[in-house]
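Scroll down for the structure; my scribbles are underneath it.
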Amino acid sequence: MVESGAGPSSKRFKMASGGEGATHVGFIGGGNLARAITEGLLQADDKQKRFKIHASFATNGENYKKMQTLGVAVTTNNKDIVLSCDVIVLSVKPHQVLPVLEELRKIYQDIDENQLLVGGAPLPRNLRPLIVSVATSITIKQIEEKTEISWKMGRADMLGHLPVIRCLPTVASSVRAGVTVYTSGHFSTENDNKLFLDIFNSVGFTQDVPEQYIDGFTAFTGSGVAFMGLVMEALADGGVLVGIPRGMADKIAAYTMMSTAKIVIERGMKPHEIRTSVASPGGTTIHGLKVMEDAGVRGGVMGAVQRGTERAKELRPPS
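For this note's numbering, count along the sequence shown from 1 and bump the result up by 2.
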């Protein structure tokens, strides 16, 4: 076999991501995370129209209809995503990822020389789409094993891998305040990475990390949104406990968390520096902090991250 990292020659087939027009982004699976990324992209792309969003669902149920109302091109056939998109985002449950990849590989391997040179069956818009996995637990190695594609080219076979990026976005992508950590696969190029960043920088902050950290970030940032939501809720409940109206308490708790984060991000202060700067001797803050430490708040949050990381590893299916 002839080794080729990019399948058919890129000189013969112009990639949409490098040419004119919108980048077509297709989600396979359209749950909360896919919808959050879509909402953020549509906000970022309100006038420029750089992205065209597609999504595939198992049925035309509630999530299908929600995405349809956003103006997304929806389908119940994954082949439509393959034929239409430059970027394919795997947004399904961990146990569904490998079967979906096997389906995608079969679609690509059905492409032969007659289709490429003569016509007939429809060709994919992009013969080398970027595969982006947002699924918990599935490794780059597992994905790449399922994205090795062989094409029939006359008397020779061509072997190539589709480029892969594994990432972990958060639902805050819906308001363009997401945190996305990512790691690139062995066959992704600089252009693939630029395309990925063009999409995910549009919905928040991105950070390249070694893959060994991704399971930890699953619990740290992915689940961390829920953890911080619980802390925010508890802070608001405390306000209600001392007589502050619920609506006011909820709003001020959110602004308090946001303002604390802005100090860390924009001024570079460490969390403990903020804490010590506020906690004056014998004051209200230090007395409140003692109650939190006695209740094990710090250990509880740390334990939640640890247990979430363990669960991410448990969810990983065998290759």
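Positions of the beta carbon are idealized from the N, C-alpha and C atoms, including for glycine.
These figures come from a predicted structure and were not determined experimentally.
- Setting aside the 5 residues that flank it on each side, glutamate 146 is surrounded in the same chain by His163, Val166, Gly187, His188 and Phe189, each with a C-beta closer than 8 angstroms to its C-beta; the list follows chain order.
- In the three-state reduction of the DSSP assignment, serine 204 falls in the helix class, which pools H, G and I.
- With at least 16 other beta carbons inside 10 angstroms of its own, valine 84 counts as buried.
- As summarised for the segment 42-104, the continuous beta strand (DSSP E) elements at least 3 residues long and confined to that stretch are 53-58, 75-77 and 89-92, given in chain order.
- In the three-state reduction of the DSSP assignment, phenylalanine 198 falls in the helix class, which pools H, G and I.
- Within the segment 202-237, the complete beta strand (DSSP E) runs of at least 3 residues fall at 206-210.
- Pairing valine 244 with serine 93, the inter-Cα distance amounts to about 43 angstroms.
- Note on threonine 77: 16 or more other CB atoms within 10 angstroms of its CB, so buried under the neighbour-count rule.
- Excluding its 5 nearest sequence neighbours in each direction, aspartate 47 has C-beta neighbours in its own chain below 6 angstroms: Phe53, listed in chain order.
- As the crow flies, the alpha-carbon of arginine 178 is around 8 angstroms from that of leucine 43.
- Between isoleucine 133 and valine 27, the alpha-carbon positions lie close to 10 angstroms from each other.
- Under a 10 Å Cβ-count criterion, alanine 297 is classified as exposed, with fewer than 16 other Cβ atoms of the shown protein chains found around its own Cβ.
- DSSP, read as helix, strand or coil, puts valine 177 in helix.
- Scanning its chain for C-beta atoms nearer than 7 angstroms, with the 5 sequence neighbours on each side dropped, one finds around proline 171 the residues Leu35, Ile39, Val136, Gly180, Thr182 and Phe202, in chain order.
- Considering only Met69, Arg107 and His56, the residue with the shortest C-alpha distance to cysteine 87 is His56.
- By the neighbour-count criterion, in which 16 or more other beta carbons inside 10 Å mark a residue as buried, leucine 106 falls on the buried side.
- As DSSP reads the structure, valine 280 sits in no beta bridge.
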